[in-house]
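One structure is given below, encoded as structure tokens.
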Amino acid sequence: MKTFALIAAMALAAPVLAMDLSGDTVLGTTEAEITAKLTDMGYEVRKIEAEDGKIEAYVVKDGKMAEVYVDPVSGKVAKLEAK
Amino acid sequence: MGLTRASDRGRAGARDIAVWDPLVRMVHWGLALSVLVNGALTDEDGIVHEWVGYAALGLLAIRLMWGIVGPRPARFASFPPSPGAAVRHLGGIVGGDRTVHLSHNPLGALMVYNIWLTVAALCATGIMMGSLRFFGVDWVEEAHEAAFSWLMISVVLHVGGVLFDSWRSGVPLARAMLTGRKSVPADRPVA
């Protein structure tokens, strides 16, 4: 049962795991820094712009789409929205 | 409905003619509702916005089929898109022509096709924005926003046109889209 729960949890988490970004990931405090860092991590940055006090990046990796919101003060990922 | 003449239900000599079937009315108000909901209420990045968009696309597709197989006033043949006819219709208004059109009048017809095309463009660009190929591509998002702005302008012109023609023709048009029946004053020829 524990194994089943673990597998289920992994399956549910999989779409997010594919994006190896978490709240602790520091990406940078400027659009240029964030773009460079995300590109290094293998993401294709389609667009990056200021949005509601955050920096929002539209990224694609391994056929998956996400919007990454970065806090421009801490440089950390504030929110990750998989599409 | 400030310009619509009040209490013309059952007025002497007015003919009550069935024009809009239930499907036409459902599509009309369904589209209006989906534009209102997606334009003003839903989170643009959210799944609800997407589903409302698909619902609008479905309504539009149903209406387009109905334009071929539906009852006479609902058919494209009853309101062909014709700029020439629209210009002649404008001339007729100025010249005092009192003919009432049972389907859309030629100006209204142009607005119908304009709104359908604009909704189709909104749906197409919206779907593209969620596709891998066009995700985060700027011009697609800009086209989506431009289509929405044009839709808002169109809605204002549409409502203005309905109010004006209700006043001019004496036929309460908004009520006809609710009840399905046009109440045509006795002294007006119909086309």
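These protein sequence lines are chains A and E, in that order.
Every number in our numbering is 206 more than the matching position in the first sequence, counting from 1.
Every number in our numbering is 6 more than the matching position in the second sequence, counting from 1.
Note that beta-carbon positions come from the ideal geometry of N, C-alpha and C, so glycine has one too.
On the three-state DSSP scale, how would you describe Ser189(E)? The residue you call residue 189(E) lines up with position 183 of the second sequence. It is a strand residue.
Just to confirm before moving on: does the CB-CB distance between His164(E) and Met117(E) stay below 9 Å? Reading the second sequence from its first residue, position 158 is the one you call residue 164(E). Reading the second sequence from its first residue, position 111 is the one you call residue 117(E). Yes, the Cβ-Cβ distance between His164(E) and Met117(E) is below 9 Å.
So with Cβ pairs under 9 Å, would you call Phe141(E) a contact of chain A? In the second sequence, counting from the first residue as 1, residue 141(E) sits at position 135. Output row for Phe141(E): interface = yes.
Comparing the C-beta of Gly59(E) with each C-beta of chain A, is any distance below 9 Å? Here the question's residue 59(E) lines up with position 53 in the second sequence. No, Gly59(E) lies away from the interface with chain A (no Cβ there is under 9 Å from its Cβ).
Secondary structure of Val283(A), DSSP reduced to three states: Start at 1 with the first residue of the first sequence, and residue 283(A) comes out as number 77. Looking at Val283(A) - three-state DSSP - the assignment turns out to be strand.
Just to confirm my understanding: we take Val75(E), look at its own chain, exclude 5 residues before and 5 after, and list those with CB closer than 7 Å. What are they? Counted from its first residue, the second sequence places residue 75(E) at position 69. Nothing listed; no residue qualifies.
Decide yes or no for the touch test of the stretch 73 to 89 of chain E against the stretch 143 to 163 of chain E: beta carbon pairs closer than 8 Å, at least 3 of them. Not touching, per the Cβ criterion.
Can you check whether the C-beta of Gly36(E) is within less than 9 Å of a C-beta belonging to chain A? Reading the second sequence from its first residue, position 30 is the one you call residue 36(E). No - not a single Cβ of chain A is within 9 Å of the one on Gly36(E).
Buried/exposed call for Leu184(E), threshold 16 Cβ in 10 Å: Mapped onto the second sequence, residue 184(E) falls at position 178. It counts as exposed.
Against chain A, with Cβ distances strictly below 9 Å, would Leu65(E) count as a contact? Here residue 65(E) corresponds to residue number 59 of the second sequence, with the count starting at 1. It does not; no Cβ of chain A falls within 9 Å.
Three-state secondary structure (DSSP) at Arg194(E)? Here residue 194(E) refers to the residue found at position 188 when the second sequence is read from its first residue. In this structure, Arg194(E) counts as coil in the three-state DSSP scheme.
Anything in chain E within Cβ reach of Tyr264(A), meaning under 8 Å, just list it in chain order. Indexing the first sequence from 1 puts residue 264(A) at position 58. What Tyr264(A) touches in chain E: Phe141, Gly142.
Are there 16 or more other CB atoms within 10 angstroms of the CB of Ser280(A), so buried, or fewer, so exposed? Stepping through the first sequence from its first residue, residue 280(A) is reached at position 74. With fewer than 16 other Cβ atoms within 10 Å, it is exposed.
Delimiting residues of the beta strand (DSSP E) encompassing Met247(A): Within the first sequence, numbered from 1, the residue matching residue 247(A) stands at position 41. From DSSP, Met247(A) is part of no beta strand (DSSP E); its letter is neither H nor E.
Contact set for Val168(E): own chain, Cβ-Cβ below 7 Å, skip 5 residues either direction: Counting from one through the second sequence, the residue named residue 168(E) turns up at place 162. Answer for Val168(E): Leu179, Ala180, listed in chain order.
Other residues of its chain near Glu56(E): CB distance less than 8 Å, five sequence neighbours each side excluded: Within the second sequence, the letter at position 50 stands for residue 56(E). These residues qualify, in order along the chain: Gly132, Gly136.
For Phe141(E) and Lys289(A), believed in contact at Cβ under 8 Å, the rounded distance: For the purposes of this step, residue 289(A) is taken as residue 83 along the first sequence, with counting starting at 1. For the purposes of this step, residue 141(E) is taken as residue 135 along the second sequence, with counting starting at 1. Yes, they are in contact, since the Cβ atoms of Lys289(A) and Phe141(E) sit about 7 Å apart, within 8 Å.
Please classify Trp145(E) as buried or exposed, where buried requires at least 16 other C-beta atoms within 10 Å of its C-beta. Counting from 1 along the second sequence, the entry for residue 145(E) is found at position 139. Trp145(E) is exposed by the Cβ-count criterion.
Proximal residues to Ser228(A) (C-beta, below 7 Å), its chain only, five neighbours per side dropped: Stepping through the first sequence from its first residue, residue 228(A) is reached at position 22. Excluding residues within five positions, the ones whose Cβ falls inside 7 Å are Val283.
How should Ile53(E) be labelled, buried or exposed, when 16 other C-beta atoms within 10 angstroms of its C-beta is the threshold for buried? If you number the second sequence from 1, residue 53(E) lands on position 47. When all chains shown are included, Ile53(E) counts as exposed.
Where the beta strand (DSSP E) through Asp171(E) begins and ends: What you label residue 171(E) is simply residue 165 of the second sequence in a count that begins at 1. Following the DSSP letters along the chain, one finds Asp171(E) in no beta strand (DSSP E) but inside the alpha helix (DSSP H) bounded by residues 144 to 175.
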